[in-house]
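Sequence positions in the sequence shown follow the working numbering and run 10 to 428. Just so it is clear, CB atoms sit at the ideal spot from N, CA and C, and this is done for glycine as well. These notes concern the structure reproduced below.
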Amino acid sequence: MSLSRGRDDMGIPNSYPGGAPRSASLHHETKESDMKRPIAFRTMSILVAAGTVAALAACGGGQDAAAPADGEARDGWVDAADLDLSGLGFDDDAEEAVRDLYQEAHDSGEESMMMYGSNHTLREPLRELFMERFPGTELETTELVGPQLQSTLETERSTGQNIGDQMENAGGARYASLGFSEQYLPPAFVMPEGLSENMESHMKGAEDGYVTAQWSLFGVGVNTDKMDPADVPTDWAELADPQWKDKIVMHDPSVPGGGQGFLSRLYLSGAIDDATLEGIADNVALKGEFAQTIQSLSQGEYPMMIGVDAPYVSLNKARGVPVEIVFMDEENIAMPQQSFVMKDAPHPNTARLWLNWIFSEEAQAVIAEAGNTPVVDVPSPHGLPAFSDANLAEIPSQEALDSEAEMISEKFGEVFQNR
Numbered sequence: 010m011s012l013s014r015g016r017d018d019m020g021i022p023n024s025y026p027g028g029a030p031r032s033a034s035l036h037h038e039t040k041e042s043d044m045k046r047p048i049a050f051r052t053m054s055i056l057v058a059a060g061t062v063a064a065l066a067a068c069g070g071g072q073d074a075a076a077p078a079d080g081e082a083r084d085g086w087v088d089a090a091d092l093d094l095s096g097l098g099f100d101d102d103a104e105e106a107v108r109d110l111y112q113e114a115h116d117s118g119e120e121s122m123m124m125y126g127s128n129h130t131l132r133e134p135l136r137e138l139f140m141e142r143f144p145g146t147e148l149e150t151t152e153l154v155g156p157q158l159q160s161t162l163e164t165e166r167s168t169g170q171n172i173g174d175q176m177e178n179a180g181g182a183r184y185a186s187l188g189f190s191e192q193y194l195p196p197a198f199v200m201p202e203g204l205s206e207n208m209e210s211h212m213k214g215a216e217d218g219y220v221t222a223q224w225s226l227f228g229v230g231v232n233t234d235k236m237d238p239a240d241v242p243t244d245w246a247e248l249a250d251p252q253w254k255d256k257i258v259m260h261d262p263s264v265p266g267g268g269q270g271f272l273s274r275l276y277l278s279g280a281i282d283d284a285t286l287e288g289i290a291d292n293v294a295l296k297g298e299f300a301q302t303i304q305s306l307s308q309g310e311y312p313m314m315i316g317v318d319a320p321y322v323s324l325n326k327a328r329g330v331p332v333e334i335v336f337m338d339e340e341n342i343a344m345p346q347q348s349f350v351m352k353d354a355p356h357p358n359t360a361r362l363w364l365n366w367i368f369s370e371e372a373q374a375v376i377a378e379a380g381n382t383p384v385v386d387v388p389s390p391h392g393l394p395a396f397s398d399a400n401l402a403e404i405p406s407q408e409a410l411d412s413e414a415e416m417i418s419e420k421f422g423e424v425f426q427n428r
């Protein structure tokens, strides 16, 4: 079976409140230089869900055949006591848990771990750093979202041929509620202070079915060749002013995807009312795919985009694209990426090791470098606000978001398609 790089999803969440997939991945042109760049981990192509288990098993997924004899070290592994855990910022309990998990992974023959999700190109530096920090480990990834992910998980559960070990997904809470996650709270996890009960529900599952190590902040994108960012409104209600008609592009929120995920949180949090929603609908041009929406902003077809995410802007500014992101004075929106160890994972110790390490200061710094928002206090190299300083809207609980998904689809269809 051939191995290939995953799509560059640029950090856009892949689900709306009910966990449905976005309609399309973002546009990414693969350059010849990218193809030649060495890769420290393997990313498997998206597979037809019904055949994913068998196909991955043919690639060597699943539990390694032979565990080492007592006292025998596997290639590349070091003694757990000799692990370099400097710079992680862990307390003694977390460090001890990490060393124990590394030793257990070694003793069980868990050289590799399979991760399911999206945005793997963005997360490449994380995987590389993890494998350097924990010698002997190897991370494999598979790009799976929406129906393909759902079908793969159901197939693995029904056949008992489990391949996936860990998953990160904007709809991770939904998959955990369906019984696909192990109840595990990493000792390295620390709940940020000052969060409401609703926000805590996005950080950690009620039964420890998932945890969140990073968020994506959303705002208004601006093409700096077409408009001065200082002229962009910093209040959501101002975007409903008729002066902005035909100057704003948006991913159609009447269809599942990034636009709906963003706007549903904005609406259900009470940050905008019905009048503002209808005013925005009067002003915006809609694109059926997120890729088209972002392309319109990047190429200057429209000077503004409602619902762009900070990772996209950070990544593309580095590529020379004239884009910037503007946040509101208050009621900003962020989406979590929820992670968990999969139930009956063939390599559970390595998966738990990852889920602890992702909360380390060094991992959180890499998350910030990618333009995402870490949950510990590390500075953003892009000047983005910290999670605690982002003036976030009071997003409803995960349960409430899921329960309102059908209503949101119907309402947004009525408002945005009848103009």
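Based on Cα-Cα distance, which residue from T243, D102, N325 and S348 lies nearest to R183?
The sequence position of residue 183 within the sequence shown is 174, counting from 1. Answer by Cα proximity: S348.
For E216, which residues of its own chain have a beta-carbon under 6 Å away from its beta-carbon, when the five flanking residues on both sides are left out?
By 1-based counting over the sequence shown, the position of residue 216 is 207. The answer, listed in chain order, is Q192.
Alpha carbon to alpha carbon, how far is E104 from T285? Give it in angstroms, no decimals.
To locate residue 285, count along the sequence shown from 1; it is residue 276. To locate residue 104, count along the sequence shown from 1; it is residue 95. The straight-line gap from Cα to Cα measures roughly 49 Å.
How should T168 be labelled, buried or exposed, when 16 other C-beta atoms within 10 angstroms of its C-beta is the threshold for buried?
The count along the sequence shown starts at 1 and reaches residue 168 at position 159. Under this definition T168 is an exposed residue.
With DSSP as the reference, please indicate the residues paired to N207 in a beta bridge.
The residue you call residue 207 lines up with position 198 of the sequence shown. Note: N207 sits in no beta bridge, so no partner.
How long is the line joining the alpha carbons of R274 and L131, rounded to whole angstroms?
Reading the sequence shown from its first residue, position 265 is the one you call residue 274. Reading the sequence shown from its first residue, position 122 is the one you call residue 131. If you take the alpha carbons of R274 and L131, they lie about 24 Å apart.
Hey, which unbroken runs of the alpha helix (DSSP H) at 4 residues or more fall wholly within the segment 319–368?
DSSP runs (the alpha helix (DSSP H)) wholly in the segment 319–368: 319–327 and 357–366.
Output needed for P242: all residues of its chain with C-beta closer than 7 Å, excluding positions within five of it in sequence on either side, in chain order.
Your numbering for residue 242 matches position 233 in the sequence shown. Same-chain partners within the cutoff: L248.
So what's F227 in DSSP terms, helix, strand or just coil?
Within the sequence shown, numbered from 1, the residue matching residue 227 stands at position 218. Three-state DSSP puts F227 in a strand.
Thinking C-beta only, is V350 closer than 8 Å to Q159?
Looking up residue 159 in the sequence shown gives position 150. Looking up residue 350 in the sequence shown gives position 341. Contact: no.
Can you tell me whether S273 is helix, strand or coil according to DSSP?
Along the sequence shown, read from residue 1 onward, the residue named residue 273 stands at position 264. S273: helix per DSSP, three-state reduction.
For E177, which of H129, A89, E202 and L324 has the nearest alpha-carbon?
Translated into the one-based positions of the sequence shown, residue 177 becomes position 168. It is H129.
Within this structure, are the beta carbons of S278 and I404 separated by less than 8 Å?
Here residue 278 is taken as the residue at index 269 of the sequence shown, counted from 1. Here residue 404 is taken as the residue at index 395 of the sequence shown, counted from 1. Cβ distance < 8 Å, so S278 and I404 count as in contact.
Which residues in the same chain as A6 place their Cβ atom closer than 6 Å to its Cβ, once the five residues preceding and following it in sequence are excluded?
Because residue 6 is not part of the residues shown, which for the chain are 10 to 428, the question remains open.
In whole angstroms, what separates the C-alpha of F336 from that of Y276?
One-based indexing of the sequence shown puts residue 336 at position 327. One-based indexing of the sequence shown puts residue 276 at position 267. The alpha-carbon atoms of F336 and Y276 are separated by roughly 16 Å.
Comparing alpha-carbon positions, which option in D102, D250 and I303 lies nearest N325?
The residue given as residue 325 occupies position 316 in the sequence shown. Checking every option, the nearest Cα to that of N325 belongs to I303.
Helix or strand or just coil, what does DSSP make of K254?
Along the sequence shown, read from residue 1 onward, the residue named residue 254 stands at position 245. If DSSP states are grouped into helix, strand and coil, K254 belongs with coil.
Return the residue from the list E113, M208 and M140 that minimises the CA-CA distance to A409.
By one-based count along the sequence shown, residue 409 stands at place 400. Nearest of E113, M208 and M140 to A409, Cα basis: M208.
Hey, N381 and Q252: beta-carbon distance below 8 Å or not?
The count along the sequence shown starts at 1 and reaches residue 381 at position 372. The count along the sequence shown starts at 1 and reaches residue 252 at position 243. The answer is no: Cβ separation not under 8 Å.
When DSSP labels each residue in this structure, what does Q175 get in the three-state scheme?
Residue mapping note: residue 175 aligns to position 166 of the sequence shown, counting from 1. Looking at Q175 - three-state DSSP - the assignment turns out to be strand.
Is it the case that the Cβ atoms of N358 and V107 are separated by a distance below 8 Å?
For this step, residue 358 is matched to residue 349 along the sequence shown. For this step, residue 107 is matched to residue 98 along the sequence shown. For N358 and V107, no; Cβs fall outside 8 Å.
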